[in-house]
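In the numbering used here, the protein residues as written are 2 to 135.
In this text, a Cβ means the ideal position worked out from N, Cα and C, and glycines have one as well.
All values reported here derive from a predicted model rather than from experimental measurement.
Okay, structure first, notes after.
Here's what the structure looks like:
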């Protein structure tokens, strides 16, 4: 069990993306030890709370910040987040040396087209109240 109040990873995600919101809801449910913190970059007060972060970069790809300030990007964030909730094995193959370059290229494509992919899979391109559906 976590012994302090500092999360091991803060996730900066797009709460307006239906697939992103679904993944964050799953992670939140599994985050029983409080190892993750969640920040929706679409929140109205995001820029005021995080003026030191570049919103466009965060919107282009998921980012995660470790307690020492180190930023993880893309599938490295996804793997670390799932690892911290005990499910890293699901994404571990995507970090294997032979698979990682292909997985990262696919992720970049997905990130650029996430609203279209969300529409194909969920019937929704964007949703402003995704978080309200918790």
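Distance CB(residue 36)-CB(residue 12) smaller than 8 Å
Along the chain shown, read from residue 1 onward, the residue named residue 36 stands at position 35. Along the chain shown, read from residue 1 onward, the residue named residue 12 stands at position 11. Contact: no.
Span of the alpha helix (DSSP H) around residue 82:
Position 81 of the chain shown, counted from the first residue, corresponds to residue 82. Counting along the chain, the alpha helix (DSSP H) containing residue 82 begins and ends at 76-85.
Pull the bridge partners of residue 40 from the DSSP assignment, please.
Reading the chain shown from its first residue, position 39 is the one you call residue 40. Among the bridge pairs identified by DSSP, residue 40 is matched with 13.
Within this structure, are the beta carbons of residue 92 and residue 79 separated by less than 8 Å?
Stepping through the chain shown from its first residue, residue 92 is reached at position 91. Stepping through the chain shown from its first residue, residue 79 is reached at position 78. Yes; because the gap between Cβ atoms is below 8 Å, this pair is in contact.
From which residue to which residue does the alpha helix (DSSP H) around residue 49 run?
In the chain shown, residue 49 corresponds to position 48, counting from 1. Run containing residue 49: 47-50, per the alpha helix (DSSP H) assignment.
How about residue 62 and residue 75: do their beta carbons lie closer than 8 Å?
By one-based count along the chain shown, residue 62 stands at place 61. By one-based count along the chain shown, residue 75 stands at place 74. Contact: yes.
Rounded straight-line distance, which links the Cα of residue 82 to that of residue 90:
Position 89 of the chain shown holds residue 90. Position 81 of the chain shown holds residue 82. Taking the straight line from one Cα to the other gives about 11 Å.
For residue 118, which residues of its own chain have a beta-carbon under 7 Å away from its beta-carbon, when the five flanking residues on both sides are left out?
To locate residue 118, count along the chain shown from 1; it is residue 117. For residue 118, where only same-chain residues beyond five positions count, the Cβ hits under 7 Å are 20, 111.
Throw me the rounded Cβ distance for the residue 67 and residue 59 pair, which I believe falls under 8 Å.
Numbered from its first residue, the chain shown carries residue 67 at position 66. Numbered from its first residue, the chain shown carries residue 59 at position 58. Their Cβ separation, rounded to whole angstroms, is 15 Å, which puts residue 67 and residue 59 out of contact at 8 Å.
For residue 121, does the three-state DSSP call read helix, strand or coil?
Taking the first residue of the chain shown as 1, we reach residue 121 at position 120. In this structure, residue 121 counts as helix in the three-state DSSP scheme.
Can you give me the start and stop residues for the alpha helix (DSSP H) that residue 27 sits inside?
As a working mapping, residue 27 is identified with position 26 in the chain shown. Note, residue 27: alpha helix (DSSP H), 19-31.
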